[in-house]
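Novice: Residue numbers (the working numbering), protein chains in the order written: chain A, 7 to 279; chain B, -8 to 757.
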Amino acid sequence: MRKILSVAVIVFLLLVNIFWTENACAQDTQNAEAVMNEMLLAYYYPQTDVKNEISMRIVNRQGQIRQRRLTMLRLNQSPGGDQSYYIYFHEPAEVRGMSFLVLKHLGRDDDRWLYLPAIDLVKRIATSDKRTSFAGSDFTYEDVSGRALDADKHELIGEENLGTYSCLVVKSTPQRPGEAEFSYRKFWLDKTTHLPLKMEHYDLKGKIYKVYEAQEVQTIQGIPTITKAAMKDLENERSTEIAIKNVSYNVGITSEIFQERLLRRPPREWIGE
Amino acid sequence: MKLERLTQAVLGRPKLVIGLVAAISIFFIAQFPKITIDTDPKHMLPEASPVRQYNDLVEKDFVLHPDVIVLGIVNKDGIFNPQTLKYVKDLTNAVRQIPGVIVRDVDSLTTVENVFSNQGELIVRPALGDIPDTEAGLAALRKSILDNALFVNRFISPDGLAVAIFIPIEPTANGKEIADKIRAMLPKNSRPNQFYLAGDPVARDTFGTEMFRQMGLFSPIAGLVMCIALWFMFRNITVIIANMAVAMISIIWSMGGLIGLGFPVHIMSSMAPVFLMAIATDAVHIFNEFAFRLGEGQDKRKAILETMKVVALPIFYSDVTTAVGFAALATVTIVPVKIFGLVVAFGTLVILFMSFTFIPALLMLIPEKHILKLAAVHGKGEKFSPVLLRLGGFCVEKAKPILLVGIVLFIVALAGLARIHVNNNMVHWFKFNSEVRSADRVMNKYLGGTSTAYLVVRAKNEGAVGDPAFLRQIEGLQRELEKDPLIGKTFSLADYIKRTNLVMHDDAPLFNRIPDSKQEVGQYLFLLQSAAKPRHLDNVVDFSLKTANIIIQLKSWDADTMKSVIGRANSFFAAHPLPEVEDFKPAGIAYFNMVWDHEVLWGMVSSFLWGLILVLILLVFQTRSFLWGILSFLPLLFTIALIYGVVGLIGKDFDMPVAVLSTLSLGMAVDFAIHFVGRFQQRYKEDPRLREALIWTVARPGKGIFLNAVLFALGFAVMAFAALTPYITVGVFMAAIMVLSSVMSVIYLPALIQLGRQKLIKRGGV
Chain A
7 MRKILSVAVI
17 VFLLLVNIFW
27 TENACAQDTQ
37 NAEAVMNEML
47 LAYYYPQTDV
57 KNEISMRIVN
67 RQGQIRQRRL
77 TMLRLNQSPG
87 GDQSYYIYFH
97 EPAEVRGMSF
107 LVLKHLGRDD
117 DRWLYLPAID
127 LVKRIATSDK
137 RTSFAGSDFT
147 YEDVSGRALD
157 ADKHELIGEE
167 NLGTYSCLVV
177 KSTPQRPGEA
187 EFSYRKFWLD
197 KTTHLPLKME
207 HYDLKGKIYK
217 VYEAQEVQTI
227 QGIPTITKAA
237 MKDLENERST
247 EIAIKNVSYN
257 VGITSEIFQE
267 RLLRRPPREW
277 IGE
Chain B
-8 MKLERLTQAV
2 LGRPKLVIGL
12 VAAISIFFIA
22 QFPKITIDTD
32 PKHMLPEASP
42 VRQYNDLVEK
52 DFVLHPDVIV
62 LGIVNKDGIF
72 NPQTLKYVKD
82 LTNAVRQIPG
92 VIVRDVDSLT
102 TVENVFSNQG
112 ELIVRPALGD
122 IPDTEAGLAA
132 LRKSILDNAL
142 FVNRFISPDG
152 LAVAIFIPIE
162 PTANGKEIAD
172 KIRAMLPKNS
182 RPNQFYLAGD
192 PVARDTFGTE
202 MFRQMGLFSP
212 IAGLVMCIAL
222 WFMFRNITVI
232 IANMAVAMIS
242 IIWSMGGLIG
252 LGFPVHIMSS
262 MAPVFLMAIA
272 TDAVHIFNEF
282 AFRLGEGQDK
292 RKAILETMKV
302 VALPIFYSDV
312 TTAVGFAALA
322 TVTIVPVKIF
332 GLVVAFGTLV
342 ILFMSFTFIP
352 ALLMLIPEKH
362 ILKLAAVHGK
372 GEKFSPVLLR
382 LGGFCVEKAK
392 PILLVGIVLF
402 IVALAGLARI
412 HVNNNMVHWF
422 KFNSEVRSAD
432 RVMNKYLGGT
442 STAYLVVRAK
452 NEGAVGDPAF
462 LRQIEGLQRE
472 LEKDPLIGKT
482 FSLADYIKRT
492 NLVMHDDAPL
502 FNRIPDSKQE
512 VGQYLFLLQS
522 AAKPRHLDNV
532 VDFSLKTANI
542 IIQLKSWDAD
552 TMKSVIGRAN
562 SFFAAHPLPE
572 VEDFKPAGIA
582 YFNMVWDHEV
592 LWGMVSSFLW
602 GLILVLILLV
612 FQTRSFLWGI
622 LSFLPLLFTI
632 ALIYGVVGLI
642 GKDFDMPVAV
652 LSTLSLGMAV
662 DFAIHFVGRF
672 QQRYKEDPRL
682 REALIWTVAR
692 PGKGIFLNAV
702 LFALGFAVMA
712 FAALTPYITV
722 GVFMAAIMVL
732 SSVMSVIYLP
742 ALIQLGRQKL
752 IKRGGV
């Protein structure tokens, strides 16, 4: 009898143990997802609208440099929801006036338009691929506009200090294997600002190949904002540095400017030369 | 004579000598586990060579992978069916898991973006994304892919029957191992789909693996054939053991030394064992003479000493000339050839050394009964073969007609020499029906070509490449190149810009051209950067728009095809000068092959000429007479002229193996003349009756010469059954050289001595 009892106790304890572990795991995943969501909101959705000027410096293996300068206008349709982007290129000289209009939708493909001043043509672009390069840089389209939260499975895998910042480390694995170039990514998220301070890409064989690092965080209008960052392609020995200037939040951008026909005549109140 | 003293010393302590040789051999054997191999054709040129450095620079600057395996899928019913398309997709994913494959840069229709126009919209999506399951969907996919000029002949054949997956591998990875892993992944029972693996790393590393298998197989077979031949000649196990032991020792010492010094084994040096085995047959002269002496009733010790006394000089000079012939290869810039020459030269000196130490020691230790047997075989009937005696008489009597036949043959040979065609083709190192060569042939039939070259066109100023005139120049050059049917595909920035212009204008054919303004080009380029992988554009243009790279696919690995590329480019730039173009330079594996091909040829020609001069000097020195030196030299010259005359007449390409052989033949073909002249002079001194002395030389040392030649030829002839063509070439050639030079020496030398007796005998001071 005693034996039976002790066996029952052990079985019970084991069950409890399994339950707790599973529950803890689920909670962990939930936590990770929540943390990633906070990151998306802090990084891609701060305030209702923003206007900023981005300079990109792309360096190749030979040490040659390509410069880009653009103005980006962003308007959130709803927090964490659809967004509109207007991107106007100032430099290099031969592409001055080229502009992109992106209506980002959650759950379906974005609407994109492009304007080419050289042939005075507005063209709608249909694409489901967000992994293409953004303007020839090492950032992808997705890096610039955000990747859907549910595209990946997120796990909290630890905590780490990056300099003076204390960070949560999250591992994100695509839900559909083979859909992206990476097999998983690792994020270092600042606990206080939720901003991504570092991100690593791992290829299908688990080898690291691309690293993103925030290099400067400023508080603008009370909002922590990454103003300098770099993306390094370790294999191709290419890298892109971006510097973000003239950031102003809540300047009153309205939906009206995000129209196809306005690509020819950029809104001068927001976009200078 | 010092050599005699050496032999005397050896005869005193035969066991010690053999023990020492064994101990040294064990030291060299211990080096073998350190073996490394290298079959990369790029390593044919030294690291510091400008061509290699420039090639590395081009690969680095344009982010190009030097080693790319091409996996082809051919379906005779067309590849646009769900099954074949799924293979393309699955295999593209599967090969990326293989260690050594550069995961992110595997390119196929599933990884490249297709940018096309559809009802006024610009569509950007993977060329092969979701596989359609309806006929209409498949037809639309087929159209979208085949309409894209950037894909046709590169990723897909124009008729839609074949597709290619490009699999770049790490420089340190082994192409054959990866190819084997890919083969294991290929679906079984997939008819009518057929799979082919081609590309430089597959050919190269398969060759490397095969090379060792072939050498592992043919070295022992060559050895065995020589053993059997030796048995028929001497019917004595000891002789066989002695001969083989000398061969093994020289192989072990030289290959062990090579490996021990940290050099990788290349295709060339892998052949060294067979060469050394053949050179070791020189010891036959010792056994031949030793058997004659024993047969004449001398005692063993005296027979050995007497034998060594008479054969010492011919053996010394023939081995030294052989060594010099091989060492002359050290003047060549091709690294593997240089190493090979030095290895065989060293091995030959080992053989020489063994001839004076190890062999006498071994003969000393032969039990009496074996010696008696050896003596009995030779002593039984007559001493001289009646055939050889008759041959000797014939040569002396019919000297003039023999000479006339020789002159006619020589003229025919010269006509053949004039027709020699220099070319090299690595894939042709495999047999016609081998897997590698068949795959290469099929892929080249359907697609743009498995061999790659680059033409880097440099502008004078930054930004100039974006100039429409510059791009049109590049486009014009491409069209000119493509006139050659073996140049299957070229692509450059011009193709990307043209394609973008076309697509932006809704496929209106008028816009299938380079746009007119620099601004337009700049904006298209900018657009392309957002629609392609950054690497794809980096492959064809640098950031500063100063240099453009034209990627050229060739359907043939012939060096000639690359020559055509350069020839066409030169004449195009001459006919269409553009002030903005600073210069253009070729690179890539095809160019590489062409350059070292050229280097091999001229390197061989110059080392061959050096070798000829050195051998002539040695011969004059040995015979102490200019005339006798020339005389001993003639059979060599004649043999080489005849052999290369035949090469020219039958239209065989003068490729690397053949070129290398020319130098090798030097030291070997002269051996018999050295023996013949040396022994004739000795005999004539003892008994100054010219006719008798000549006939005696034909009959007695002549027998050794023929035995040596047959032995040598048999050893090499087995290589004719090898699976790799360079080995076949080497086998057949060396056998031919041996047989020819023995015949030339034994027939022409007596005839020539007879004809020139007044000058030779008087002035020669014999």
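Even glycine gets a Cβ: it sits at the ideal position worked out from N, Cα and C.
1) Take residue 592/B and list the residues in its own chain whose beta-carbon comes closer than 6 Å to its own, dropping the five residues that flank it on each side.
2) For residue 228/A, which option in 53/A, 38/A and 46/A has the closest C-alpha, if you only look at C-alpha atoms?
3) Kindly give me the distance between the Cβ atoms of residue 407/B and residue 579/B, rounded to whole angstroms, as I take these residues to be in contact under 8 Å.
4) Cα separation between residue 451/B and residue 186/B?
5) Taking the straight line between their C-alpha atoms, what separation do you get for residue 758/B and residue 324/B?
6) Quick one: is residue 535/B near chain A, going by C-beta distance under 7 Å?
7) If I'm right that residue 609/B touches residue 322/B with Cβ under 8 Å, what's the distance once you round it to whole angstroms?
8) Consider the Cβ of residue 272/A: report whether some Cβ of chain B lies at a distance smaller than 7 Å.
9) So, using beta-carbon positions, are residue 222/A and residue 234/A closer together than 7 Å?
10) Taking only three categories from DSSP, how would you classify residue 194/A?
11) At 3 residues or longer, and completely inside the segment 213 to 241 of chain A: list those beta strand (DSSP E) runs for me, N to C.
12) If contact means a Cβ-Cβ distance below 8 Å, which residues of the segment 111 to 128 of chain A contact chain B?
13) According to DSSP, residue 4/A sits in a beta bridge with which residue or residues?
14) Since I believe residue 240/B is in contact with residue 16/B (beta carbons under 8 Å), could you give me their beta-carbon distance rounded to a whole number of angstroms?
15) Please tell me whether residue 253/A and residue 232/A are closer than 7 Å, where the distance is taken between their beta carbons.
16) Strictly by DSSP, which residues pair up with residue 235/B?
17) Report all residues from its chain with a CB closer than 7 Å to the CB of residue 243/B; omit the five preceding and five following residues, and keep chain order.
18) When the Cβ atoms of the segment 175 to 183 of chain B are set against those of the segment 464 to 477 of chain B, are three or more pairs found closer than 8 Å?
19) I'd like to know whether the C-beta of residue 30/A is nearer than 7 Å to at least one C-beta of chain B.
20) If contacts are defined as beta-carbon pairs under 8 Å, then residue 42/A and residue 160/A qualify, I think. What distance do you get, rounded to the angstrom?
21) Going along the chain, which residues of its own chain have a beta-carbon closer than 7 Å to the beta-carbon of residue 262/A, five neighbours each way excluded?
22) Just how far apart, CA to CA, sit residue 202/B and residue 637/B?
23) Just mark residue 257/A as buried or exposed, buried being the case when its beta carbon has 16 or more other beta carbons within 10 Å.
24) Quick check: is the beta carbon of residue 277/A nearer than 7 Å to any beta carbon in chain B?
25) Are the beta-carbon atoms belonging to residue 669/B and residue 305/B less than 7 Å from one another?
26) Tell me whether the segment 72 to 84 of chain B and the segment 96 to 115 of chain B touch, counting them as touching only if at least three CB pairs, one residue from each stretch, are closer than 8 Å.
27) For the segment 90 to 111 of chain A, which residues have a beta carbon sitting closer than 7 Å to at least one beta carbon of chain B?
28) Do residue 275/B and residue 681/B have their beta-carbon atoms positioned less than 7 Å apart in this structure?
29) What's the C-alpha gap between residue 158/B and residue 171/A?
30) Using the beta-carbon count (16 or more within 10 Å), is residue 260/B buried or exposed?
31) Here's the rule: buried if 16 or more other CB atoms are within 10 angstroms of the residue's CB, otherwise exposed. What is residue 260/A?
32) Mind listing which residues of the segment 457 to 475 of chain B have their C-beta closer than 8 Å to chain A's C-betas, in chain order?
33) Alpha helix (DSSP H) containing residue 548/B: first to last residue?
34) Buried or exposed: where does residue 190/B fall if 16 or more other Cβ atoms within 10 Å of its Cβ makes it buried?
35) What in chain A is Cβ-close to residue 84/B, meaning under 7 Å?
36) What residues of chain A sit near residue 128/B, judged by a beta carbon separation below 9 Å?
Specialist: Reading from the atomic positions:
1) The answer, listed in chain order, is 413 and 650.
2) When 53/A, 38/A and 46/A are compared, the shortest CA-CA separation from residue 228/A is found for 53/A.
3) The C-beta distance from residue 407/B to residue 579/B rounds to 34 Å, too long to fall under 8 Å, and the pair is not in contact.
4) Looking at the two C-alpha atoms, the distance is approximately 45 Å.
5) The first residue shown for chain B is -8 and the last is 757, placing residue 758/B beyond what the model contains.
6) yes
7) Their Cβ separation, rounded to whole angstroms, is 17 Å, which puts residue 609/B and residue 322/B out of contact at 8 Å.
8) no
9) yes
10) Strand.
11) 214 to 226 and 229 to 239
12) With the criterion set as a beta carbon lying under 8 Å from some beta carbon of chain B, the members of the segment 111 to 128 of chain A are 120, 122, 123, 124, 125 and 127, in sequence order.
13) The requested residue 4/A is not part of the displayed model; chain A covers only 7 to 279.
14) Confirmed, Cβ separation roughly 6 Å.
15) no
16) DSSP output for residue 235/B lists no bridge partner at all.
17) Hits under 7 Å: 16, 19 and 20.
18) no
19) Confidence at residue 30/A is low in this model, with a pLDDT of 47, below 50, so the placement of that residue should be treated as unreliable; the coordinate-derived value is given next. By this cut-off, residue 30/A is not an interface position.
20) 5 Å
21) The answer is none, since no qualifying residue turns up.
22) 27 Å
23) With fewer than 16 other CB atoms across the displayed protein chains lying within 10 angstroms of its CB, residue 257/A is exposed.
24) So no, residue 277/A is outside the interface.
25) yes
26) yes
27) The residues in question are 100, 101 and 104.
28) no
29) 42 Å
30) buried
31) exposed
32) Taking 8 Å as the Cβ-Cβ cut-off against chain A, the residues of the segment 457 to 475 of chain B that qualify are 457.
33) In the DSSP annotation of this structure, residue 548/B is not part of any alpha helix (DSSP H), being labelled neither H nor E.
34) buried
35) Close partners of residue 84/B in chain A (Cβ separation under 7 Å): 184.
36) Chain A residues near residue 128/B: none, gap ~16 Å exceeds 9 Å.
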